Structure formats: C-alpha cells, structure tokens
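Residue 32 in our numbering sits at position 37 of the sequence shown, and the numbers go up by one each step.
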Amino acid sequence: MVPQEGELAQELLTVKVRYKLPEADASILVEYPITQPVPVAFVQNQGERGTEFSLGLQTLDVQQAAQDVERFFKNQNTAVPEVVPDVVNRRLLFRGSGTQFALTQDELHRLGEPRHGDSRDFNFAAAVAAFGMILRDSQYRGQANLDMVLELASASKGEDLTGERQEFIDLVHRTKAILERRSEIVLIDSLQQVPQDQSQTIATVDGKYQNLLRILEVPADRGHYGAACDFGRWDGSEYAGQQDLPHGYWVYVYPRWYIWGDLAK
C-alpha cells in the first residue's frame, strides 16, 4: 500500500518524533519527511501472518518472478515467505520478515529488475513511522511493535554514512529495554501482593518441581534474576549468608528462593 492522501498518508509521509528517555536529560528529535513514495511500501502486520509488503515490477514477468523468488529461498534451505503475483498491477504481494524482503529485493535485482534507489529509504522511514505511532499509541499502528520496528529498520539500514540510522536503531533498543524494565517493576509489585502460599505455587513452575526443601529470603537478587527465574539444579551448600543448604532445584519468585528436591514425574 502506497499512501496517497488523507490523515494516514500525512502521518506516514512526514514523521517528527521528539522522545525523551525517562533516564536521560536530553531529548531526541527524529524527523523523516518523504516526498516521493516508491512502489515498495510498508503494510501493517495482519495478525499472525507476518508483515506484508508490495513490490512493483518494471521488467520481469510477475508470475515467473514469484516462482524464482520461491525457488531462491528453497535453495537456501530457509523458511519460504509467501509471494503472490498480482499480474494486473504488475507487482508481487509479499508476506514475511523484513530480512526476507530485503533478500527478495536483492534476488530480483540479480534477475534483472532495476533496483529502486530509495526503496530502502522508504522502508526505513516506515520503521520510523511505526515507531512514532507506537509511542503515540496511534489508532493506525495496527499490530506494529518494537520488535517489528527493529527488524524492518535493521533490514533496510543500508549504507549508513552518517550513523544516524544506527542511532535510531539504538534508540529503539533503549526504548524496548526501558519498557521491559517497567513491565518487570509492575510484575514485582504484583508479586509483593501475592500471599506466600500462592508464591510457592508459582515457584513449582506449573508443577515441574515438588518436595520443597528450603525457602530463602533474598530480595536483593531481583537485580540479577528479575521477578522470577527457574535457575535449575544447584548443589552448592552456602548462599546469601545461609549454610548447610540442601542440594536441589532453585526457583526465584521475588523476594524468595525456593529449593525443590525433585522433578515431578
């Protein structure tokens, strides 16, 4: 889908995002105007079916190009994306990952299709647009998420002479890490409200472990193990100032370690 007019087109064609990281004093301005969209464009994720793209062809036969792309991925012994020929509009409808799409572009160019010089620019701009929509919780974000933004931006980074594209990718990574930490904090707050008997049930890891041997209060371990961690077998006898500990399977559910004697059969 190439945006032509309307509110969605404006949102995609001019992207300005000023984003202040909660843990920093400075803010970052991301501005990416697009004046001439090319036939390659980002289309929102459709449920679990992957990210969709559209690729216009100028010289190659559409039917044959679809077959050649499928053969290319089969020869690579990798997952084959869905490529549907649209003969009427002389384009390929593509459903797969951003990396697969970039490989498809390279293969079509090898087969003789002229490369659209700014197709990678457009795809990278689409990643920037999706990032802005996620930050604003836009109604147009569809199923877009930060993992999709990272995949699309990384696949279309190209030659980054100024380093600005890598800066954007790093920004998305930092944003993702911050949101994950916030989710961890929310989970820890929730676990603090859970009675100990329910916490012990959680520590069985859906019934994986049984025969509780010892409980250790170690709230400081959340910094290393997070809100919960299935550490597995450990045969040490001293930890966190405690001695003569039994050998067993360790599970951390903030703020306690649970040492289990057996795996459930």
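Just so you know, even glycine gets a beta-carbon here, dropped at the ideal spot from N, CA and C.
These numbers were taken from a predicted model, which means no experiment stands behind them.
Q) Is it true that the CB of A122 sits closer than 7 Å to the CB of A97? A) The Cβ atoms of A97 and A122 lie no closer than 7 Å to each other.
Q) Between which two residues does the alpha helix (DSSP H) harbouring R217 extend? A) R217 to Y220 is the span of the alpha helix (DSSP H), which, as asked, contains R217.
Q. Can V248 and A223 be called in contact, C-beta distance under 7 Å?
A. Between V248 and A223, the gap from beta carbon to beta carbon is short of 7 Å.
(Q) Below 8 Å on the Cβ atoms is my contact criterion, and I expect V246 with Y204 to pass it. Report the Cβ-Cβ distance as a whole number of Å. (A) With a Cβ gap of about 7 Å, V246 and Y204 count as contacting.
Q) Nearest to G153 by CA position, among D239, P76, W255 and A120, is which residue? A) Closest in C-alpha terms to G153, from the list D239, P76, W255 and A120, comes A120.
Q) V83: buried (16+ other C-beta within 10 angstroms of its C-beta) or exposed? A) Answer is exposed; the Cβ neighbour count stays below 16.
**Q.** Sub-7 Å separation of V213 and W255 beta-carbons
**A.** By the CB criterion at 7 Å, V213 and W255 fall outside the cutoff.
Q: Would you decide whether I210 is buried or exposed? Buried here means 16 or more other CB atoms lie within 10 Å of its CB.
A: By the Cβ neighbour-count rule, I210 is exposed, with fewer than 16 other Cβ atoms within 10 Å of its own.
(Q) Beta-carbon within less than 8 Å of R136's beta-carbon, same chain only, minus the 5 sequence neighbours each way: which residues are those? (A) For R136, where only same-chain residues beyond five positions count, the Cβ hits under 8 Å are Q39, A125, M128 and I129.
Q: Have a look at K260, G107 and A172 and flag the residue whose alpha-carbon is nearest the alpha-carbon of N206.
A: Cα-wise, what sits closest to N206 is K260.
Q: My understanding is that D225 touches H242, with C-beta atoms under 8 Å, so please give their C-beta distance in whole angstroms.
A: Their Cβ separation, rounded to whole angstroms, is 17 Å, which puts D225 and H242 out of contact at 8 Å.
Q) Run through DSSP, which three-state label would E65 get? A) The answer is helix: DSSP assigns E65 an H, G or I state.
Q.
Using DSSP's beta-bridge definition, name the partner residues of D257.
A. Paired residue(s): Q205.
Q: Could you spell out where the alpha helix (DSSP H) holding G93 opens and where it closes?
A: Per DSSP, the continuous alpha helix (DSSP H) segment holding G93 begins and ends at G93 to R105.
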